[in-house]
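Asks:
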């Protein structure tokens, strides 16, 4: 019946909006998701958490999820900040950081003196007028501005409402400096490919499950994966009329997706 | 010699970066500009101040300029907020305002209950994370979001450095909500045309003088005016290699432009 669920060897799960709804200092698990992760692991399917989370180090992020009951470890998480650190080292880039305070430790070993690029993440409360002007001045002062963005999400949902995501602020700086940001994180192809490599599963045998029609679903499909949109998190009914992206299936939540996938094994 | 200066009947002057450099609570006149305005008026040329200033009511703005010695009155100023109020009234739009506190009185007579659009201006310190999220939520909550932007400038210079202008924040909201803002102010054609109409001068007999290569020079030229870029304010040497816009002439400052224009009368 569910052709999209056949011949699966690995699952990539978005985290916020799929496992839990974030908000303030904590978050609330989405009904059935804790159990769904356990069932995936018991099934023998390969599993990787593929997040654009940049409000905390992976350590802190994983600890929060464990506190909600999720079976998850740091080694199972693909996140933008470590991917960005690799790029910075490779290209001898010294970043000015416009990121969340709690993400700064991920850049501990990176030289940040005399910056020659700007790295922007979901800085949340750090997206102040002063900090945005400062990042802008660093960029506009470069002969050829280099802007690296940890994701390009438009917005996300916290328990107290929708919030602008890093992509909006990335666009502001892109426009002001007339540059195009290099995006690390979903929907960048390289980011999905590194997650697949870490699982050891080819894209044709992997399914991405996310709440973001563009960054999760569209990005994964462009890598040759199948992709589902859950009707939780930032999902909105109008996503089902998206002009460019059509998921392989919609599911009400992660638990329903896992039900169907496990039935086909 | 200066063919661009012939057959002129009216001048449109940008204000910030042409008459003065703004900063903090006040600003500093640009050398020669106070006298240049006096000389234009004495010459019999028509004159209009065409500004995207949205950090203050026209009354307050003009008072500040008078305090610096400029011969200027409210009736001589074309500014975005009054132009936006006309549009709001015509289309029965009730704005949620994301503007500078000092601009709010310009909207005193506009119904703002139960908003059905967002008006964004250069809100400066009001560009907080909370205020941006709030404006975003108002927009994303509409079936068809309406975003009206008072200008689309990328940045401007104050005495303490470059600052992101309204255009950057407009782009952030455009991207997050997948809408295109309606721009009131330079470089909108209607805005220049209303300034010309107020002077009673056709575009072929008018010269715009500004420091912004795109919004002043490019915008005015698209209306059939000649346009000069001054090498003051936000001017940067790389503007002279702009891929799309070529001013009719560069001048070091307003005083030099007025010297040349008055010689040709």
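Chains as they are written, first to last, in my numbering: chain A, 38 to 302; chain B, 38 to 302. Ideal Cβ placement from N, Cα and C applies to all residues, glycine included. Treat the numbers as computed from the prediction; the structure is a model and nothing was measured.
(1) Suppose contacts are defined by Cβ-Cβ distances below 8 angstroms. Is residue 132/A in contact with residue 144/A by that definition?
(2) Closer than 7 angstroms by beta-carbon distance: list the chain B residues that pair up with residue 271/A, in chain order.
(3) Who are the neighbours of residue 268/A on chain B, taking C-beta pairs under 9 angstroms?
(4) From which residue to which residue does the alpha helix (DSSP H) around residue 134/A run?
(5) Pick helix, strand or coil for residue 157/B, following the three-state DSSP scheme.
(6) For residue 165/A, go through chain B and note every residue whose CB falls closer than 9 angstroms to its CB, in chain order.
(7) On a CA-only basis, which of 121/A, 46/A, 197/A, 185/A is nearest residue 65/A? Give me that one, please.
(8) Which runs of the beta strand (DSSP E) fall wholly inside the stretch 261–285 of chain A and span at least 3 residues, in chain order?
(9) Which bits of chain A does residue 213/B rub up against, with CB to CB less than 7 angstroms?
(10) Roughly how many angstroms separate the alpha carbons of residue 55/A and residue 181/A, rounded to a whole number?
(11) Hey, residue 86/A and residue 50/A: beta-carbon distance below 8 angstroms or not?
(12) Among all the DSSP beta bridges, which residues are the ones paired with residue 64/A?
(13) Going by DSSP, what residues sit across from residue 246/A in a beta bridge?
(14) So, at 8 angstroms on beta carbons, what are the nonlocal neighbours of residue 260/A in its own chain, with the 5 sequence-adjacent residues on each side left out?
(15) Just the Cα atoms here: how many angstroms apart are residue 210/A and residue 203/A?
(16) With a 10 Å radius around its C-beta and 16 neighbouring C-beta atoms as the bar for buried, classify residue 113/A as buried or exposed.
(17) In the structure shown, what three-state DSSP assignment does residue 75/B receive?
(18) Here's a check: name, in chain order, each residue in its chain whose Cβ is nearer than 7 angstroms to the Cβ of residue 302/A, leaving out the five neighbours to either side.
(19) Excluding five sequence neighbours on each side, which residues of the same chain lie with their C-beta closer than 6 angstroms to the C-beta of residue 220/A?
(20) Can you tell which of 111/B, 52/B, 102/B, 94/B has the C-alpha that lies nearest to the C-alpha of residue 88/B?
(21) What is the DSSP secondary structure of residue 113/A, counted as helix, strand or coil?
(22) Please state whether DSSP places residue 129/A in a helix, a strand or coil.
(23) Based on the DSSP secondary-structure assignment, which residues constitute the bridge partners of residue 185/A?
(24) Does any CB atom of chain B fall closer than 8 angstroms to the CB of residue 158/A?
(25) Please determine, among 63/B, 91/B, 77/B, 76/B, the residue with the shortest C-alpha to C-alpha distance to residue 104/B.
(26) Closer than 8 angstroms, CB to CB, is residue 169/B near chain A or not?
(27) Give a yes or no on whether 8 angstroms exceeds the smallest Cβ distance from residue 147/A to chain B.
(28) Put residue 164/A into one of helix, strand or coil per three-state DSSP.
(29) Distance cutoff 8 angstroms, beta carbons only. Does residue 98/B sit that close to anything in chain A?
(30) Count the C-beta pairs between the stretch 271–285 of chain A and the stretch 118–136 of chain A that are closer than 8 angstroms, then say yes if the count reaches three, no if not.
(31) Pull out every residue of the stretch 170–182 of chain B whose Cβ sits closer than 8 angstroms to any Cβ of chain A, in chain order.
(32) Suppose you measure from the CA of residue 297/B to the CA of residue 206/B; what does that come to, to the nearest Å?
(33) Across which residues does DSSP place residue 288/B in a beta bridge pair?
(34) Alpha carbons only, please: which of 107/B, 160/B, 223/B is nearest the one belonging to residue 138/B?
(35) Within its chain, find whatever has a CB closer than 8 angstroms to the CB of residue 271/A; leave out the 5 residues flanking it on each side and keep chain order.
(36) Relative to the C-alpha of residue 212/A, which residue among 237/A, 108/A, 176/A, 273/A is closest?
Replies: Here's the rundown:
(1) yes
(2) Residues of chain B passing the Cβ test: none, with the nearest at roughly 10 angstroms.
(3) Neighbours of residue 268/A on chain B: none; closest Cβ ~18 angstroms, over 9 angstroms.
(4) Unbroken run through residue 134/A is the beta strand (DSSP E), 132–135; no alpha helix (DSSP H).
(5) strand
(6) 164, 165, 166
(7) 197/A
(8) 263–267
(9) 191, 192, 201, 205
(10) 39 angstroms
(11) yes
(12) 59/A
(13) 50/A, 265/A
(14) 226, 229, 230, 233, 240
(15) 11 angstroms
(16) buried
(17) helix
(18) 80
(19) 186, 189
(20) 52/B
(21) helix
(22) coil
(23) 156/A, 219/A
(24) no
(25) 63/B
(26) yes
(27) no
(28) coil
(29) no
(30) no
(31) 170, 173, 174, 177
(32) 38 angstroms
(33) 267/B
(34) 160/B
(35) 54, 192, 193, 194, 199, 248, 249
(36) 176/A
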